[in-house]
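Asker: To start, I am sharing the structure in question, which I have written as structure tokens.
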Amino acid sequence: MSEFISDVTVDVHDVDYNGVAKASSIMRYIQSAAEAQLAEGGMSYEALKGRSRAFLLSRIRLEIDEPIRECRRLKAISYPCESRGYSFLRCYRVEADGVTVARAISVWALVDTDSRALVRVNDFELGLTLLPPIDMEIGRINLPDTLTDIGGYGVHYGDVDRNMHMNNTKYPDMYSNFLPLAGKRIKAITINYQNEAAIGEKLRVLRGERDGLYYFRSVRSDGVVNSEAEIELADIK
């Protein structure tokens with residue numbers, strides 16, 4: 011087993027008011043493929059939970075090459091990569107008519123849910139073929155010196171998963187609430203997930219701009235940084 015391929019059709023509920031698939035929708039497609047591959051290999055969410063293990067997303071970079079519109083048929087492709095230390099790498103592609111229209115690379119941490127300690131790559135047998143990572147950078151985000159508090163975001167029912175925390179695929183939608191997206195789309199997004207946001211949390215959202223890019227930081231009510239992001243927009247043609 012190497013790459014896992016899942017067939018997807020862009021649904022009316024997956025697009026925004028510009029008629030193009032949201033970054034959050036594309037993240038759902040590729041992560042659903044990853045989850046299906048893990049489940050097929052005996053590593054489903056429930057199976058990992060039974061072993062007191064859970065994967066948590068640390069960082070992801072998604073690049074979208076062109077507008078992906080409603081009813082388009084896609085192949086969401088995912089595979090684990092050669093990893094080391096405490097960082098489990100996983101890569102993704104989205105293809106349409108045999109052409110790659112989006113790609114992503116992610117870094118995951120494996121947590122012992124009993125002790126909350128991180129598990130090393132060498133101490134966990136994934137049982138899947140590991141492939142070389144794609145040629146994408148997922149470096150640290152260098153935020154501007156000045157960020158402006160532009161509003162709040164309440165974490166509610168529609169944001170959380172069964173862990174009762176805001177699901178990682180919901181973060182692009184949160185940032186999009188504070189972006190000038192009329193006639194534009196997210197071309198590239200990098201997210202660093204730092205601390206979880208539980209249901210009922212009231213986040214403060216800070217934004218800055220530099221060199222044509224938008225930068226975000228979300229902060230929990232206790233002052234702890236929740237996430238940081240770098241986003242590049244493109245005109246929809």
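So the sequence shown is numbered by the numbering used here: it starts at 11 and just counts up by one. Cβ coordinates follow ideal geometry from the N, Cα and C atoms, glycine included.
Could you compute how far the alpha carbon of Leu-243 sits from the alpha carbon of Pro-190?
Answerer: By one-based count along the sequence shown, residue 243 stands at place 233. By one-based count along the sequence shown, residue 190 stands at place 180. Cα to Cα, the separation comes out at about 9 Å.
Asker: What are the complete alpha helix (DSSP H) segments, minimum 4 residues, inside the stretch 49-101?
Answerer: Segments of the alpha helix (DSSP H) lying fully in the stretch 49-101: 55-60.
Asker: Give me the DSSP bridge partner(s) of Thr-7.
Answerer: The requested residue 7 does not occur in the structure, where the chain is confined to residues 11 to 247.
Asker: So, are the CB atoms of Leu-84 and Val-104 less than 7 Å apart?
Answerer: The residue labelled residue 84 in the question sits at position 74 within the sequence shown. The residue labelled residue 104 in the question sits at position 94 within the sequence shown. Yes, the Cβ-Cβ distance between Leu-84 and Val-104 is below 7 Å.
Asker: Residues bridged to Thr-200 by DSSP?
Answerer: Sequence index remark: in the sequence shown, residue 200 carries index 190 (1-based). Answer by DSSP bridge pairing, in chain order: Arg-71, Glu-240.
Asker: Return yes when at least one heavy atom of the ligand FMN lies under 6 Å from the C-beta of Asn-177, else no.
Answerer: The ligand FMN is absent from the structure shown, which contains no ligand whatsoever.
Asker: So, for Asn-177: in the same chain, excluding its five sequence neighbours on each side, which residues have a beta-carbon less than 8 Å away from its beta-carbon?
Answerer: Translated into positions along the sequence shown, residue 177 becomes position 167. Here the set comprises Asp-169, Val-170, Asp-171.
Asker: Please list the terminal residues of the continuous alpha helix (DSSP H) segment that includes Tyr-181.
Answerer: Counted from its first residue, the sequence shown places residue 181 at position 171. Run containing Tyr-181: 181-186, per the alpha helix (DSSP H) assignment.
Asker: Reducing DSSP to helix, strand and coil, say where Glu-45 ends up.
Answerer: Within the sequence shown, numbered from 1, the residue matching residue 45 stands at position 35. Of the three classes helix, strand and coil, the one that applies to Glu-45 here is helix, per DSSP.
Asker: Assuming the contact rule is C-beta atoms closer than 8 Å, Leu-120 and Phe-98 should be a hit. Round their C-beta distance to whole Å, please.
Answerer: Sequence index remark: in the sequence shown, residue 120 carries index 110 (1-based). Sequence index remark: in the sequence shown, residue 98 carries index 88 (1-based). About 6 Å separates the two Cβ atoms, so the contact holds.
Asker: At least one CB of chain D closer than 7 Å to the CB of Ile-209: is that the case?
Answerer: Of the protein chains in this structure there is only one, and it is not chain D.
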